[in-house]
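Chemist: Take this structure first; my questions come after.
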Amino acid sequence: MNSITISGILRGESKQIFRKLEFRLSDSVDSGIILCTYWTKNNQNVFMEIPRDKNIIIKGRFGYEKEIGVYLIVEEFEKLKPYENLAVH
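Right, here's the structure in full:
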């Protein structure tokens, strides 16, 4: 089993049960995007209801599907108050 904690900004939905998380690697200016789904793997849950462009910390694990590739299964999350240093520019 694997485990990850990551912070970033939630972006739009993709393939109905997935959200995009935009994150920055350490002090790099470059950012990346990973698809995230709530552990229930449906679109009727509290994770999917979080508004777009919100800062969030996610605890979860990686999953894999042949047509999607690697994605993040969200087990826990916490919404953060806006703070400009957390935003990906």
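For what it's worth, this note's numbering labels the leading residue of the sequence shown as 58, then goes sequentially.
Here a beta-carbon is modelled for each residue, glycine too, at the ideal position from N, C-alpha and C.
Owing to the predicted nature of the structure, the values given are computational and were not obtained by experimental measurement.
Give the single residue among Gly69, Arg76, Glu70 whose Cα lies nearest to the Cα of Ile115.
Modeler: Locating residue 115 in the sequence shown gives position 58, counting from the first residue. The residue with the shortest Cα to Cα distance from Ile115 is Arg76.
Chemist: Report yes if the CB atom of Gly65 is closer than 8 Å to the CB atom of Ile125, and no otherwise.
Modeler: To locate residue 65, count along the sequence shown from 1; it is residue 8. To locate residue 125, count along the sequence shown from 1; it is residue 68. Going by C-beta atoms, Gly65 is not nearer than 8 Å to Ile125.
Chemist: Which one or two residues does DSSP pair with Phe104 in a beta bridge?
Modeler: Along the sequence shown, read from residue 1 onward, the residue named residue 104 stands at position 47. Answer is none; Phe104 lacks a bridge partner.
Chemist: Check Val86 in the structure and name its three-state DSSP category.
Modeler: Locating residue 86 in the sequence shown gives position 29, counting from the first residue. Three-state result, Val86: coil.
Chemist: For Arg109, which residues of its own chain have a beta-carbon under 7 Å away from its beta-carbon, when the five flanking residues on both sides are left out?
Modeler: Sequence index remark: in the sequence shown, residue 109 carries index 52 (1-based). If we look at Arg109 and ignore the five residues flanking it on each side, its Cβ neighbours are Leu67, Arg68, Gly69.
Chemist: Where Asn59 and Arg118 are concerned, what is the direct C-alpha to C-alpha distance, given to the nearest angstrom?
Modeler: The count along the sequence shown starts at 1 and reaches residue 59 at position 2. The count along the sequence shown starts at 1 and reaches residue 118 at position 61. Using only the alpha carbons, I get a separation of about 5 Å.
Chemist: I need the straight-line Cα distance from Thr94 to Ile61, nearest angstrom please.
Modeler: The count along the sequence shown starts at 1 and reaches residue 94 at position 37. The count along the sequence shown starts at 1 and reaches residue 61 at position 4. Their backbone Cα atoms lie some 14 Å apart in a straight line.
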